[in-house]
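*Asks:* This is the structure I have questions about; it appears just below.
Residue numbers (the working numbering), protein chains in the order written: chain A, 164 to 441; chain B, 33 to 193.
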């Protein structure tokens, strides 16, 4: 046996694929898969019965978690809001009969409202203070009801579930959690873009309900005007805008509807307005 | 959210720049040193070739190296977990570690004036398995190479039989 000193050629144990190339392929692949799967999730959500959604979230008020504040509601206020929501819901057609809503008040001072899966609607105390009539409040409630009719809260969650799947698939490997975040962000951007269409759809439903209940649509733009003005006043947009895009276009549409269907506004009872949150 | 994306991108850029630079530098030095030490054979044979006239010394020699992965490589690897395929970014990392470990083994053997290293073995261990935030995460690896260095003594063997 004789030893002949020589080196094997380079690049046998190492692929010479450029790392940036795999980076590009992988990131675009991830974005594409999330997009496709979330489309699919969206499609399925429409077939989930409302009753099933309600049982699923029977004990979890996700709305309360979203707001992150106290949602124990004074009984008078709760009843008032509930009656208002129910009377709006009563105006809708047969296809929405299955829906039931549970309205609660959050002690938060920022004006905002949420629709959460399971038929929950959360209204903040700040919202009660920011509208000047019952019609304005009813518009916001009807808007959230519209979200429920269109199954938006569940749709959002459906995408959330898809994202969660991706996250868990990745998290087996990643230490910094940055790949998780990357995936999460991508999904979130998609959701935000989707929201604009959802908002418009809900607005249409809300106007319809409002008109049927009061025989006019006056007050519809109240809350959105308030949001716009306070935004201009403070120099920065309120939190509401980040989840509910309030474009000039939207305001124009609501004001146009008000003009076309003008009527007398109703006031919110004084005892409800003066009741402090728990 | 925007801030997070900026942080992510800058971490990726940092990882890519320094990771690639370190890798290039390391490969350059590996190839250079391999050529210097090429005359010392490392073999996986268990028994020495017969040397009748001289007595030989046998000693354990080891070479060990720990290399950490960079952020860019890790990011790619975690995305690869979704799609499968060759972990190309880890291939070069492990290749470097293996060759570096063998080089250190050779350097030790050289000090002992060995003319051959017998029974050369390579082992890999991931050292951050338990220290990671999540189970099964691989942050850095250790490669150990060990073998029996054989060197000659000047004493002649007493051949009685």
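Yeah, the Cβ is synthetic: ideal placement off N, Cα and C, and Gly gets one too.
CA-CA distance, residue 178 of chain B and residue 50 of chain B?
*Replies:* 30 angstroms
*Asks:* By how many angstroms is the C-alpha of residue 411 of chain A removed from the C-alpha of residue 240 of chain A?
*Replies:* 32 angstroms
*Asks:* Helix, strand or coil: which one does DSSP assign to residue 115 of chain B?
*Replies:* helix
*Asks:* Please list, in chain order, the residues of the segment 168-192 of chain A that have any C-beta partner in chain B closer than 8 angstroms.
*Replies:* 168, 169, 170, 173, 176, 177, 178, 180, 182, 183, 185, 186, 189, 190 and 192
*Asks:* Work out the CA separation of residue 180 of chain B and residue 176 of chain A for me, nearest whole Å.
*Replies:* 25 angstroms
*Asks:* Since residue 142 of chain B and residue 43 of chain B are thought to touch, with beta carbons under 8 angstroms apart, how far apart are those beta carbons, to the nearest angstrom?
*Replies:* About 40 angstroms; that fails the 8 angstroms criterion.
*Asks:* Based on the DSSP output, what are the partners of residue 287 of chain A in its beta bridges?
*Replies:* A:269
*Asks:* Quick one: what does DSSP say residue 153 of chain B is sitting in, helix, strand or coil?
*Replies:* strand
*Asks:* Under the rule that 16 or more other beta-carbon atoms within 10 Å means buried, what is residue 169 of chain A, buried or exposed?
*Replies:* Counting Cβ neighbours within 10 Å, residue 169 of chain A comes out exposed, since fewer than 16 surround it.
*Asks:* For residue 60 of chain B, go through chain A and note every residue whose CB falls closer than 7 angstroms to its CB, in chain order.
*Replies:* In chain order: nothing, as chain A lies at least about 11 angstroms away.
*Asks:* Assuming residue 146 of chain B and residue 72 of chain B are in contact, meaning their beta carbons sit under 8 angstroms apart, how far apart are those beta carbons, in whole angstroms?
*Replies:* Rounded, the Cβ-Cβ distance is 7 angstroms, consistent with contact.
*Asks:* Strictly under 8 angstroms for the Cβ-Cβ distance: is residue 134 of chain B near chain A by that measure?
*Replies:* no
*Asks:* Taking 8 angstroms as the CB-CB limit, is residue 455 of chain A close to chain B?
*Replies:* Chain A is shown from 164 up to 441; residue 455 of chain A falls before or after that span and cannot be answered.
*Asks:* Under the three-state reduction of DSSP, which class applies to residue 294 of chain A: helix, strand or coil?
*Replies:* coil
*Asks:* Could you spell out where the beta strand (DSSP E) holding residue 277 of chain A opens and where it closes?
*Replies:* Start and end: 276-279.
*Asks:* Do the segment 91-100 of chain B and the segment 197-209 of chain A make contact, defined as three or more Cβ pairs closer than 8 angstroms?
*Replies:* no
*Asks:* From the DSSP output, in three-state form, read off residue 203 of chain A for me.
*Replies:* helix
*Asks:* Whole angstroms is fine: what's the gap from residue 165 of chain A's alpha carbon to residue 76 of chain B's?
*Replies:* Residue 76 of chain B has its alpha-carbon roughly 15 angstroms from the corresponding atom of residue 165 of chain A.
*Asks:* Quick check on residue 186 of chain B: does DSSP put it in helix, strand or coil?
*Replies:* strand
*Asks:* Label residue 86 of chain B either buried or exposed according to how many other C-beta atoms from any shown protein chain fall within 10 Å of its C-beta, with 16 as the threshold for buried.
*Replies:* exposed
*Asks:* Which residues mark the beginning and the end of the alpha helix (DSSP H) in which residue 243 of chain A is found?
*Replies:* 238-252
*Asks:* Are the CB atoms of residue 173 of chain B and residue 126 of chain B nearer to each other than 8 angstroms?
*Replies:* Going by C-beta atoms, residue 173 of chain B is nearer than 8 angstroms to residue 126 of chain B.
*Asks:* Nearest by alpha-carbon distance to residue 256 of chain A: which of A:277, A:309, A:274 and A:243 is it?
*Replies:* A:309
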